[in-house]
Amino acid sequence: MSDIHELTVTVDLRDGLSEQQLAELRWHLGLGPWPGRLTVVTDFPCVVVDDDGVPRIENEPRPLLAGGGPARRTTGALCSALVARDGLPGGGWALTSRTEIHPDEAEEIGALLRWHVHDTRRQADGTVRLGHYRACEDPAPSPLEVRDGRVGLAETLLPRSR
Numbered sequence: 551m552s553d554i555h556e557l558t559v560t561v562d563l564r565d566g567l568s569e570q571q572l573a574e575l576r577w578h579l580g581l582g583p584w585p586g587r588l589t590v591v592t593d594f595p596c597v598v599v600d601d602d603g604v605p606r607i608e609n610e611p612r613p614l615l616a617g618g619g620p621a622r623r624t625t626g627a628l629c630s631a632l633v634a635r636d637g638l639p640g641g642g643w644a645l646t647s648r649t650e651i652h653p654d655e656a657e658e659i660g661a662l663l664r665w666h667v668h669d670t671r672r673q674a675d676g677t678v679r680l681g682h683y684r685a686c687e688d689p690a691p692s693p694l695e696v697r698d699g700r701v702g703l704a705e706t707l708l709p710r711s712r
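And the structure:
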């Protein structure tokens, strides 16, 4: 199985995001510049090898949903959008993103996605559907959901944020 997965997110976010939070979200979507500081997802562990050949973990922030242009491993285009839901029930923001991710990024992406999710699409069991996730060779995607504060596939939840 491939180490690249397609992630498609279509979700509404609650109203009341601060300008700092919006700037951070735009950066993660590839729609804005570095926000100066991060408040939602703050840990981006990356193993690097120093000059002596010793591996160590460093924090290397990177946008999580900022794919753009043609997909490299899946098909179609990678893109993101964030628009205000002015005048619509619940207000807030509409977010759509299609990107390719490595499963090692699932924890950070889960933390970003469960943040400020609007419950307009809440199902009877309390689950809110976020979009879909699939390995590039799988013909059909699996639903991606938030349930009890955890992001996961309909069958198996992704790990909680650290």
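Letter by letter, the sequence shown follows residues 551 to 712 of this note's numbering.
Glycine included, C-beta positions come from ideal geometry on N, C-alpha and C.
- Scanning the segment 583 to 631 for uninterrupted beta strand (DSSP E) segments of 3 residues or longer gives 595 to 599 and 605 to 609, listed from N- to C-terminal end.
- Sorting ASP600, THR625, LEU632 and PRO605 by C-alpha distance to the C-alpha of TRP577 places LEU632 at the top.
- Boundaries around LEU663 are those of the alpha helix (DSSP H), 656 to 663, since no beta strand (DSSP E) includes it.
- Cβ contact annotation for ASN609 (same chain, cutoff 7 angstroms, sequence separation greater than five): ASP593, PHE594 and PRO595, in chain order.
- If you draw a straight line from the Cα of GLN673 to the Cα of THR558, it is about 19 angstroms long.
- By alpha-carbon distance to GLU569, the top candidate from ARG700, HIS682, TRP643 and ASP654 is TRP643.
- If you draw a straight line from the Cα of TYR683 to the Cα of LEU703, it comes to about 8 angstroms.
- ASP562 counts as buried, since at least 16 other C-beta atoms from the protein chains shown sit within 10 angstroms of its C-beta.
- In the DSSP assignment, LEU575 falls within the unbroken alpha helix (DSSP H) covering 569 to 578.
- By the 16-neighbour rule on beta-carbons within 10 angstroms, GLY681 is buried.
- Between GLU556 and THR649, the CB-CB gap stays under 9 angstroms.
- For PRO653, the secondary structure class from DSSP, reduced to helix, strand or coil, is helix.
- Across the set ALA685, ALA616, ARG635 and ARG587, the C-alpha of ALA616 shows the shortest separation from the C-alpha of LEU628.
- Setting aside the 5 residues that flank it on each side, PRO611 is surrounded in the same chain by LEU588 and PHE594, each with a C-beta closer than 7 angstroms to its C-beta; the list follows chain order.
- LEU581 carries a coil assignment under DSSP once its states are collapsed to helix, strand and coil.
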